[in-house]
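Take a look at the structure below.
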Amino acid sequence: MARPGNPKEKLLSTAARLFYKQGYQATGINQLLDEAGVAKASLYTHFGSREALALAYLKEARATWFRAFIAVVEKEKKPAARLLAIFSFLEASLPANDFRGCRFINMQAELAGESPLLQAQIKAHKQQLRQYVRQLATDAGKAPLTGDTAYLLFESAIVESMVHRDLWPVKTAVKQVKQLLSV
1 MARPGNPKEK LLSTAARLFY KQGYQATGIN QLLDEAGVAK ASLYTHFGSR EALALAYLKE
61 ARATWFRAFI AVVEKEKKPA ARLLAIFSFL EASLPANDFR GCRFINMQAE LAGESPLLQA
121 QIKAHKQQLR QYVRQLATDA GKAPLTGDTA YLLFESAIVE SMVHRDLWPV KTAVKQVKQL
181 LSV
């Protein structure tokens with residue numbers, strides 16, 4: 001939550017809400033400024049541009065997301081249970097976010113090659129996630145390919161849950177990863 005009187009935090013929290021709810025392209029500067037209750041000069045003083053604000057939003061979202069994600073995974077003690085816990089995270093977070101999906105995937109879909117700066121941040125998020133899931137698989141005694149498969153199932157479960165507004169894709173992914181772990 002933004003502190004009263006802090007234009008930078010107001011802009012960032014407003015951008016986070018609007019970019020995730022209605023999309024980056026659909027969120028104009030005037031709407032951002034109006035809803036944040038700050039002057040246009042604040043945007044340029046603190047961020048320099050709408051793209052720089054979006055970059056700050058992605059960086060903060062990435063840090064916040066990973067803290068929450070890792071907290072769920074680390075509740076499990078056994079390595080195989082930790083790998084499965086990535087889907088427990090989805091089972092809680094997808095409905096809580098009204099099945100809006102992944103803010104990184106959503107923004108990537110909107111950008112269509114327009115912003116290498118933002119796309120680099122999105123790619124870094126996905127690479128970090130992939131490496132983490134691969135490590136979970138390795139810790140469970142499985143090959144990195146098992147981690148890649150779990151990662152791809154995780155990502156596809158997000159998209160399909162958004163499309164269907166249901167958790168059946170997550171539950172199906174869990175069944176597949178359980179099979180991979182038993183082999």
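For the sequence shown, the UniProt record's numbering gives the first residue as 1, with consecutive numbering after it.
Ideal placement from N, C-alpha and C gives every residue a C-beta, glycine not left out.
Bear in mind the structure is a predicted one, so any value in this text is a computation, not a measurement.
Check your understanding: So which of V133, P144, A143 has the shortest CA-CA distance to F154?
Key -> The count along the sequence shown starts at 1 and reaches residue 154 at position 154. Per the Cα distances, V133.
Q.
When you compare the region 80-90 with the region 139-154, are there three or more beta-carbon pairs, one atom per stretch, that lie closer than 8 Å?
A. yes
> To the nearest whole angstrom, what separates the beta carbons of A15 and A54, a pair I think is in contact under 8 Å?
Replying inline: Stepping through the sequence shown from its first residue, residue 15 is reached at position 15. Stepping through the sequence shown from its first residue, residue 54 is reached at position 54. Correct: roughly 7 Å between the Cβ atoms.
Could you tell me which of W168, A137, T146, D166 sits nearest to P79, measuring between CA atoms?
If you number the sequence shown from 1, residue 79 lands on position 79. The candidate whose alpha carbon is nearest that of P79 is A137.
| said: Between Q121 and L111, how many whole angstroms is the CB-CB distance? I'm expecting something under 8 Å. | reply: Start at 1 with the first residue of the sequence shown, and residue 121 comes out as number 121. Start at 1 with the first residue of the sequence shown, and residue 111 comes out as number 111. Actually they are not in contact, since the Cβ atoms of Q121 and L111 sit about 11 Å apart, beyond 8 Å.
Spatial neighbours of Q176 within its chain, please: C-beta separation below 7 Å, excluding the five flanking residues on both sides.
Residue numbering aside, residue 176 sits at position 176 when the sequence shown is read from its first letter. For Q176, where only same-chain residues beyond five positions count, the Cβ hits under 7 Å are L153.
Check your understanding: Looking only at C-alpha atoms, which of M162, T149, I105, P7 sits nearest to Q131?
Key -> Locating residue 131 in the sequence shown gives position 131, counting from the first residue. Considering only alpha carbons, the answer is T149.
Practice task
Below 8 Å CB to CB, which residues in the same chain sit around Q25 once its five sequence neighbours on both sides are set aside?
Solution key: For the purposes of this step, residue 25 is taken as the residue at position 25 of the sequence shown. Same-chain partners within the cutoff: E110.
Contact check, R100 vs K21, beta carbons under 9 Å: What you label residue 100 is simply residue 100 of the sequence shown in a count that begins at 1. What you label residue 21 is simply residue 21 of the sequence shown in a count that begins at 1. Contact: yes.
Would you report the Cα separation of E74 and A41, rounded to the nearest angstrom?
-> Walking along the sequence shown from the start, residue 74 turns up at place 74. Walking along the sequence shown from the start, residue 41 turns up at place 41. When rounded, the distance between both Cα atoms is 43 Å.
Measure the alpha-carbon distance for L94 versus T64 and round it to whole angstroms.
-> Looking up residue 94 in the sequence shown gives position 94. Looking up residue 64 in the sequence shown gives position 64. So the two alpha carbons sit approximately 15 Å from each other.
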